[in-house]
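Residue numbers (UniProt numbering): 1 to 190.
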């Protein structure tokens, strides 16, 4: 993302601009089914009933992936993966004075903004009640925008059933990692 631009999804919507004008996208992880040996399986059994790799991704508000880091074991935490993403050679770059929206599972640091804890957050929780405090209003705006990464993952998995959780993979972890990257790249052009 270009550091000085305000995304049109924010600029032209008064509920976001100027409050969240320096936000350039959202980051989250998703689990993709993986085929591993029985001895490696425990490291890949996270919160799913099947072995999975945890894929960290950043996206812009037009649902295009701007950074993808696949290949992590399903048990790896979001904080552990983002820490690696920010320090590796092909690292996630966050322009100065800009930030990504993340969920509460991520570590607090410059360039990442999580919602307020202990305050209503999920969009469903606001369906029948308006925000009652500045913190709830922030969380509603945060959730409305951070939802872009969830939608990007959903669209991509629907387009490419090979990475959907219902598909049993038949490739090595290395090949599956390349397939995920290829799907993200192709997704950006569709």
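Note that beta-carbon positions come from the ideal geometry of N, C-alpha and C, so glycine has one too.
Asked	Found
Exposure label - residue 47; buried when at least 16 CB within 10 Å	exposed
The segment 5-20 contacting the segment 31-41, beta-carbon criterion three pairs below 8 Å	no
The segment 171-185 / the segment 63-76 touching (three or more Cβ pairs under 8 Å)	yes
Residue from 89, 77, 60 with nearest C-alpha to residue 101	60
Every unbroken beta strand (DSSP E) inside the segment 12-78 [3 residues or more]	23-33, 52-59, 65-73
Endpoints, the beta strand (DSSP E) within which residue 189 is located	Unbroken run through residue 189 is the alpha helix (DSSP H), 173-189; no beta strand (DSSP E).
Cβ pair residue 112, residue 81 closer than 9 Å	no
Own chain, CB closer than 6 Å to residue 27, minus 5 neighbours either side, in chain order	58, 100, 102
Beta-carbon proximity check, residue 19 vs residue 160, cutoff 9 Å	no
Start and end residues, alpha helix (DSSP H) containing residue 86	Per DSSP, residue 86 belongs to no alpha helix (DSSP H) and is neither H nor E.
Segments assigned alpha helix (DSSP H), at least 4 residues, entirely inside the segment 93-180	134-159
Residues near residue 188 by beta carbon distance below 7 Å, same chain, minus five either side	64, 65
Under 9 Å between C-beta atoms of residue 186 and residue 163	no
Residue 5 - DSSP class collapsed to helix/strand/coil	coil
Neighbourhood of residue 116 by C-beta distance below 6 Å, restricted to the same chain and skipping five residues each side	135, 139
Same chain, Cβ closer than 7 Å to residue 169, five either side skipped, listed in chain order	33, 34, 35, 176
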